[in-house]
Amino acid sequence: MKKVLVIRYGGVGDIITTLPVIKSLKESGYSVVLVSNSRYK
């Protein structure tokens, strides 16, 4: 399995705009880990 780490330290809007990219990666067979600010858990 291919793996990718996405690091996103912006606001919640920045994280939301990243979701389509994460979805596309997952559909392509990647295991995705997202790292963000702890306040957005």
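For the working numbering, count along the sequence shown from 1 and bump the result up by 616. Note that CB positions come from ideal geometry on N, CA and C, so glycine has one too. Model, not experiment: these values are computed from the prediction.
Inter-residue Cα distance where the pair is residue i and residue j
i: Asn-653; j: Tyr-646; result: 22 Å
i: Val-686; j: Leu-641; result: Residue 686 lies beyond the range of the chain shown here (617 to 657); nothing can be said about it.
i: Val-620; j: Gly-626; result: 19 Å
i: Asp-630; j: Lys-618; result: 24 Å
i: Ile-632; j: Ser-644; result: 20 Å
Endpoints, the alpha helix (DSSP H) within which residue i is located
i: Ser-640; result: 628-643
Residues of its chain near residue i, where Cβ-Cβ distance is below 7 Å and the 5 sequence neighbours each way are ignored
i: Val-648; result: Val-620, Val-622, Ile-638, Leu-641 and Lys-642
Own chain, CB closer than 6 Å to residue i, minus 5 neighbours either side, in chain order
i: Thr-634; result: Arg-624
i: Val-651; result: Ile-623
Unbroken beta strand (DSSP E) run spanning residue i, endpoints
i: Tyr-646; result: 646-651
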